[in-house]
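Number of protein chains: 2
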Amino acid sequence: MRWNDLGEENCPVARALSVVGDRWTLLILREAFRRVRRFEDFQSRLGVTRPVLAERLRKLVESGVLEKLPYQQRPLRHEYRLTEKGKALNSVLISLFAWGDSQMRAPDEPHYMRLRHTTCGHVMTPVVVCGECGEPMTPQTTEMVADLADEPARREAV
Amino acid sequence: MRWNDLGEENCPVARALSVVGDRWTLLILREAFRRVRRFEDFQSRLGVTRPVLAERLRKLVESGVLEKLPYQQRPLRHEYRLTEKGKALNSVLISLFAWGDSQMRAPDEPHYMRLRHTTCGHVMTPVVVCGECGEPMTPQTTEMVADLADEPARREAV
């Protein structure tokens, strides 16, 4: 399988990874959520080479996760902003943060960084819950199922 | 910055990506959550080459996400199982699934696959909520903050 095929796959995880299954891409997005918008700023914060950064930004614009907007006319300069599709990646970044913080830190090591929910003001640990019943999702209670309702044969039988 | 350095970074996202910031790794984990455990099964389901699969599995064992256990003695055969650290990645996979399903699907396209919460039985959309107040996290209400309490100078001042 080539990576370009992943976007055509029926599995939503594979489709997501066709856009964000890359370390630099996710680090660029981390910075974008921190309101970094300009090429030079991404570059200096991440220490990524200019060609790699340019290529990842181009792909993110192409896939509709970032939009490229002029912020200055003379000379013409652009900045990169998260689209709605990009903002929807917040939960992916939060989940990575939470896992990195809880599982990739030595027991005696400080947190360094925390997540804060500005609505309630708490430094907190995010939880993924079911959108129907509100209970936390665990591997034991999460199932990926084929959406049988979308199969014509099945629809006819119903 | 080299990728090996990412695990040493203070940012939890970067640390997480030092282990899971790779497409094949995340697809292997997707299969592991579907209870795939054997090399041959990962290989045939993913269509990944044997050397790439072997290398990714080795790294996942090394980082404590999977454990390699014998399931047969003559000849000796091993299988790969998610550890507790690995199971904690459930929320990352769920978030990728939800984003792929909501953002990477054409409006007229069927779902193909859905997430089901077995506790309540519903096909549902997962939500990332604050562990303190239970409200959904949005980019506007999520803040990454330096954990000042861990800075000795600050601690003395308090």
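Residue numbers (the working numbering), protein chains in the order written: chain A, 1 to 158; chain B, 1001 to 1158.
Idealized CB from N, CA, C, for every residue including glycine.
Can you check which of these residues, the options, is closest to residue i by C-alpha distance?
| i | options | result |
| --- | --- | --- |
| glutamine 103 of chain A | B:Asn1090, B:Arg1056 and B:Ala1146 | B:Asn1090 |
| valine 20 of chain A | A:Lys68, A:Ala88 and A:Gly131 | A:Ala88 |
| serine 1018 of chain B | B:Thr1141, B:Leu1046, B:Glu1062 and B:Gly1131 | B:Glu1062 |
| valine 1127 of chain B | A:Lys85, A:Glu40, A:Ser95 and A:Leu115 | A:Ser95 |
| leucine 1066 of chain B | B:Arg1037, B:Ala1106 and B:Gly1134 | B:Arg1037 |
| leucine 76 of chain A | A:Thr49, A:Glu109 and A:Lys68 | A:Lys68 |
| glutamine 140 of chain A | B:Ala1098, B:Pro1107 and B:Cys1120 | B:Cys1120 |
| aspartate 1147 of chain B | A:Asp147, A:Arg116, A:Cys130 and A:Val145 | A:Arg116 |
| valine 48 of chain A | A:Arg23, A:Thr138, A:Arg74 and A:Val129 | A:Arg23 |
Could you check whether the Cβ of residue i sits closer than 8 angstroms to any Cβ belonging to chain A?
| i | result |
| --- | --- |
| glutamine 1103 of chain B | yes |
| leucine 1017 of chain B | yes |
| threonine 1141 of chain B | yes |
| glutamate 1062 of chain B | no |
| tyrosine 1080 of chain B | no |
| arginine 1030 of chain B | yes |
| phenylalanine 1033 of chain B | yes |
| tyrosine 1112 of chain B | yes |
Could you confirm whether any beta carbon from chain B is found closer than 8 angstroms to the beta carbon of residue i?
| i | result |
| --- | --- |
| arginine 37 of chain A | no |
| arginine 50 of chain A | no |
| arginine 155 of chain A | Confidence in arginine 155 of chain A is poor, its pLDDT being 36 and thus under 50, which makes the residue's placement unreliable; the coordinate value appears in the next sentence. No, arginine 155 of chain A lies away from the interface with chain B (no Cβ there is under 8 angstroms from its Cβ). |
| proline 75 of chain A | no |
| leucine 93 of chain A | yes |
| lysine 59 of chain A | no |
| leucine 26 of chain A | yes |
Kindly list the residues whose CB is nearer than 8 angstroms to the CB of residue i, restricted to its own chain and excluding five residues on each side of it in sequence; keep chain order.
| i | result |
| --- | --- |
| leucine 93 of chain A | Leu26, Leu29, Arg30 and Phe33 |
| alanine 54 of chain A | Phe39 |
Taking 7 angstroms as the cut-off, is the C-beta of residue i nearer than that to any heavy atom in the ligand FAD?
| i | result |
| --- | --- |
| glutamate 1135 of chain B | With respect to the ligand FAD, the structure offers nothing, as it holds no ligand at all. |
If residue i sits next to residue j, beta carbons under 8 angstroms apart, how far is it from one beta carbon to the other, in whole angstroms?
| i | j | result |
| --- | --- | --- |
| cysteine 1133 of chain B | histidine 111 of chain A | Not confirmed; about 20 angstroms, so no contact. |
| proline 177 of chain A | phenylalanine 1097 of chain B | With chain A represented from 1 up to 158, any question about residue 177 of chain A goes unanswered, as that position is not in the structure. |
Can you name, in chain order, every residue of its own chain whose Cβ lies under 7 angstroms from the Cβ of residue i, other than the five neighbours on each side?
| i | result |
| --- | --- |
| arginine 81 of chain A | Arg37, Leu66, Glu67 and Leu69 |
Going along the chain, which residues of its own chain have a beta-carbon closer than 6 angstroms to the beta-carbon of residue i, five neighbours each way excluded?
| i | result |
| --- | --- |
| arginine 114 of chain A | Val123 |
| aspartate 1041 of chain B | none |
Counting only runs of 3+ residues fully inside the stretch 1003 to 1074 of chain B, write out the beta strand (DSSP E) ranges in chain order. Entirely contained in the stretch 1003 to 1074 of chain B, the beta strand (DSSP E) runs reaching 3 residues are, in chain order, 1066 to 1072.
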